[in-house]
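Quick notes on the structure that follows.
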Amino acid sequence: MTRDPHGDNNSRHRRDEHIFYRDTYTDLTMDMFRPADILCVASRSFIGAGIRLFSQVDGKAAWLNHAGQVIRKDGILVISEANFPKHQFTKLADYLSRQRRGKVRLTLVRINKMVWDTDTQRKHATEWMTGFHIAQEGHRYTVGGLIPMALYSLARNLTPLIRGRFKGIPVPVPQDLFICSALADWGWYVGQIMTGTDFFPSSLGGQCSPQDIHDSPHTKFVAGWRRERIEPKHSIIGSDIGLTRLREVIA
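Residues 66 to 316 (the working numbering) make up the sequence shown, in order.
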């Protein structure tokens, strides 16, 4: 059916069919972090904006551009992250300070406990993940690895040929691709193999984005920033009931 861009025959403007979102914040404090949590970040930077642009999925804008894994190292919790120019361990207090200064927005997520068959399975996967991240200290960031992901994003967002997310457990190859979301994904390689579950279905081909980590059905929101859908509130005048009542008043 041909649609009238100014409104349909029920007098409802097509604007009502648009989806709107709002950003909300739940207080994030130091004591909320747990080993094995993942910290997702929205940076106020040109590079961060570019990553978010290429991470949109099926017309839905991305609002996260970085991810780091929470691990326990030398008795304290730190963020293991692939940052340019190389891997680093960042103190939680540093990130919380940057958020207070308006440099970043933080979102803490956690692997859903329902993916694990037993607690022993979860503990073994967490131990392997921790050892994997500690072994990456000093590894250099690979900017070139972002190019295939950007091209895949262009193909999926500019054509109707690619939709949905790619499911498959990626094998760690830090010598070829070393970026933030890949590092977080690879850390859970053993856990994903044991459970037979891709923890982070990808929208960028074989590798997930930071937004994919947050949006995964296998992670749950803990605290920080989140984007919520605003349910449209139709005006009674623009509804069929409203038109009927208006005609009654005129008559």
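Note that CB positions come from ideal geometry on N, CA and C, so glycine has one too.
Measure the beta-carbon distance from residue i to residue j and round it to whole angstroms, keeping in mind my assumption that it falls under 8 Å.
i: L173; j: L93; result: 6 Å
i: P239; j: Q201; result: 6 Å
i: M194; j: G113; result: 25 Å between Cβ atoms; not a contact.
Which residues in the same chain as residue i place their Cβ atom closer than 7 Å to its Cβ, once the five residues preceding and following it in sequence are excluded?
i: E293; result: Y86, R87, T89
i: M259; result: Q186, A190
i: T262; result: V180, H283
i: S108; result: N130, H131, V169
i: M97; result: L173, V287, A288
How many Å lie between residue i and residue j at the Cα?
i: P13; j: Y206; result: Examination of residue 13 is not possible in this model, given that the chain is present from 66 through 316 alone.
i: L104; j: I84; result: 27 Å
i: M95; j: F231; result: 34 Å
i: I176; j: V135; result: 12 Å
i: V169; j: R99; result: 20 Å
i: A127; j: S268; result: 11 Å
i: P237; j: V255; result: 10 Å
i: K138; j: Y160; result: 17 Å
i: D250; j: H198; result: 11 Å
i: W290; j: T183; result: 31 Å
i: L157; j: I116; result: 23 Å
i: K188; j: F154; result: 22 Å
i: L243; j: H279; result: Correcting the residue identity first, residue 243 is Phe in this sequence and not Leu. C-alpha separation (whole angstroms): 19 Å.
i: I144; j: H204; result: 15 Å
i: S110; j: S162; result: 17 Å
With a threshold of 6 Å on Cβ separation, who are the neighbours of residue i within its own chain once the five nearest residues in sequence on each side are excluded?
i: A101; result: T191
i: F119; result: A215, S218
i: Q164; result: L171
i: I234; result: Q257, D263
i: D277; result: F265, S267, S268
Within the same chain, show all residues whose beta-carbon is closer than 8 Å to that of residue i, passing over the 5 residues directly before and after it, in chain order.
i: C245; result: H131, A132, G133, E146, A147, N148, P275
i: E296; result: none
i: D241; result: T207, G210
Which residue or residues does DSSP assign as beta-bridge partners of residue i?
i: I295; result: F85
i: R230; result: The partner list for R230 (beta bridge, DSSP) is empty, contrary to what the question assumes.
i: S267; result: F231
i: R137; result: L142
i: W290; result: Y90
inquiry  = Runs of 3 residues minimum, wholly inside the stretch 80-130: which ones carry the beta strand (DSSP E) assignment?
reply    = 85-91, 103-108
ask   = In the stretch 181-206, which residue ranges form an unbroken alpha helix (DSSP H) of at least 4 residues, counting only runs that do not cross its ends?
value = 184-200
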